[in-house]
Amino acid sequence: MVSRKGHQNSFAPFVAGILGWLIPGAGHVYLKRTVRGIIICICINGLFWSGVAIGGVFTTDPLKQRWWFTAQMCTGVSGIASWYRQERYRRAITDQMGISPKPMWMNDKQWWDKYEQELVKRKLMLVYPTDVAARAYAGIAGMLNLLCIFDAVILAMLGHFGERIGKETKSSKETSQ
Amino acid sequence: MSIFVHPITMGRNSLWLVLPLCMVLAVIYKTIRVQTLRELPLRIFILWLYIIGGLVALGVVFYLLLEYIA
Numbered sequence: 034m035v036s037r038k039g040h041q042n043s044f045a046p047f048v049a050g051i052l053g054w055l056i057p058g059a060g061h062v063y064l065k066r067t068v069r070g071i072i073i074c075i076c077i078n079g080l081f082w083s084g085v086a087i088g089g090v091f092t093t094d095p096l097k098q099r100w101w102f103t104a105q106m107c108t109g110v111s112g113i114a115s116w117y118r119q120e121r122y123r124r125a126i127t128d129q130m131g132i133s134p135k136p137m138w139m140n141d142k143q144w145w146d147k148y149e150q151e152l153v154k155r156k157l158m159l160v161y162p163t164d165v166a167a168r169a170y171a172g173i174a175g176m177l178n179l180l181c182i183f184d185a186v187i188l189a190m191l192g193h194f195g196e197r198i199g200k201e202t203k204s205s206k207e208t209s210q
Numbered sequence: 487m488s489i490f491v492h493p494i495t496m497g498r499n500s501l502w503l504v505l506p507l508c509m510v511l512a513v514i515y516k517t518i519r520v521q522t523l524r525e526l527p528l529r530i531f532i533l534w535l536y537i538i539g540g541l542v543a544l545g546v547v548f549y550l551l552l553e554y555i556a
């Protein structure tokens, strides 16, 4: 089995990586692996937004869940959109409460108590086991996209463009030439 | 209560949520690994069974450890 080798382009790994991060699967589409790219796009975005559907707007939480947040941001546009929604909700809530949008320092107990009480009152607070399921879905979607980004970058570095051509196809091409 | 805003209420028996998660994991891993797309569905199904089987085996081992050793 061999892949079609495209023109060596020094920017290709960079472009494939950025595209793959922005829109999951776009890196593979750029490498002319369209079907694989579409499968990756549907699965990763589907998994991420399933997580957000389970956990609600605070599934993405850069203040309290930094590691999950880092993993979620690997989904690119979906992660950024979810982060933006969370920021909007948090700012709207803290504005209505008359407190700062972020705690002055991470262990600001007074701020956290007020904020979390308000989240519970508005039924926005994530509790066990919903938080585990929601954040695992959204976070693992990000980590899987990281795997796809690495794959796209390495394929681009090796100059592998397009689907692999089977032995029969290759030999038949050679015979015809 | 609106979806994508409020969290849904889940019982403690939500282990079935592992099944679609493992399925997506198998799909993504095999999508980037298989040589030809024709063999993709079978490879995905086999890997999915392996993951579920592995998790069940781990669950049994931990259960036995807790019941008879701890």
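Those sequence lines, one after another, are chains A and B.
For the first sequence, position 79 matches number 112 in this note's numbering, and the numbering has no gaps at all.
For the second sequence, position 27 matches number 513 in this note's numbering, and the numbering has no gaps at all.
In this text, a Cβ means the ideal position worked out from N, Cα and C, and glycines have one as well.
Note that the structure is a prediction, hence the values are computed from the model and not measured.
Quick one: list the residues of chain B neighbouring residue i, beta-carbon separation under 7 Å, in chain order.
| i | result |
| --- | --- |
| residue 126 (chain A) | The premise fails here: residue 126 (chain A) is roughly 12 Å from chain B at the closest Cβ pair, so nothing lies under 7 Å. |
| residue 85 (chain A) | 490 |
| residue 62 (chain A) | Those do not exist, as residue 62 (chain A) stays about 13 Å from chain B at its closest Cβ, beyond 7 Å. |
| residue 107 (chain A) | The contacting residues do not exist; residue 107 (chain A) stays about 13 Å from chain B at best. |
| residue 52 (chain A) | Correct list: empty, because the minimum Cβ distance to chain B is about 15 Å. |
| residue 55 (chain A) | Within 7 Å Cβ-Cβ: nothing; residue 55 (chain A) doesn't reach chain B, min ~17 Å. |
Given this structure, state the Cα-to-Cα distance separating residue i from residue j, to the nearest angstrom.
| i | j | result |
| --- | --- | --- |
| residue 489 (chain B) | residue 159 (chain A) | 13 Å |
| residue 184 (chain A) | residue 151 (chain A) | 43 Å |
| residue 140 (chain A) | residue 148 (chain A) | 13 Å |
| residue 505 (chain B) | residue 538 (chain B) | 8 Å |
| residue 155 (chain A) | residue 126 (chain A) | 9 Å |
| residue 556 (chain B) | residue 113 (chain A) | 45 Å |
| residue 549 (chain B) | residue 85 (chain A) | 32 Å |
| residue 109 (chain A) | residue 554 (chain B) | 47 Å |
| residue 191 (chain A) | residue 46 (chain A) | 9 Å |
| residue 533 (chain B) | residue 101 (chain A) | 25 Å |
| residue 501 (chain B) | residue 91 (chain A) | 22 Å |
| residue 523 (chain B) | residue 196 (chain A) | 9 Å |
| residue 515 (chain B) | residue 67 (chain A) | 16 Å |
Residues of chain B with CB closer than 9 Å to the CB of residue i, please, in chain order.
| i | result |
| --- | --- |
| residue 173 (chain A) | 507, 510 and 511 |
Counting only Cβ pairs nearer than 8 Å, list the residues of chain B close to residue i.
| i | result |
| --- | --- |
| residue 184 (chain A) | 518 |
| residue 180 (chain A) | 514, 515 and 518 |
| residue 152 (chain A) | Simply none; closest approach about 10 Å. |
| residue 169 (chain A) | 507 |
At a CB-CB cut-off below 9 Å, which residues of chain A make contact with residue i?
| i | result |
| --- | --- |
| residue 498 (chain B) | 161 and 162 |
Looking at residue i and the ligand SAM, is the gap between the Cβ and the nearest heavy atom below 6 Å?
| i | result |
| --- | --- |
| residue 549 (chain B) | Only the bare structure without any ligand can be found here, which leaves the ligand SAM out of the picture. |
I want to verify the contact list: residues of chain A whose CB lies under 7 Å from the CB of residue i, in sequence order.
| i | result |
| --- | --- |
| residue 544 (chain B) | The premise fails here: residue 544 (chain B) is roughly 16 Å from chain A at the closest Cβ pair, so nothing lies under 7 Å. |
| residue 503 (chain B) | 166 |
Task: the region 110 to 134 of chain A: positions lying closer than 7 Å to chain B by Cβ - done: none
Task: Where the region 69 to 83 of chain A meets chain B: residues whose CB sits under 8 Å from a CB there - done: 69, 72, 73, 76, 77, 79, 80, 82 and 83
Open item on the list: Output needed in chain order: residues of the region 520 to 532 of chain B with a Cβ under 7 Å from some Cβ in chain A.
Closed with: 521, 522 and 523
- [ ] Give a yes or no on contact between the region 46 to 62 of chain A and the region 126 to 138 of chain A, applying the rule of three or more CB pairs nearer than 8 Å.
- [x] no
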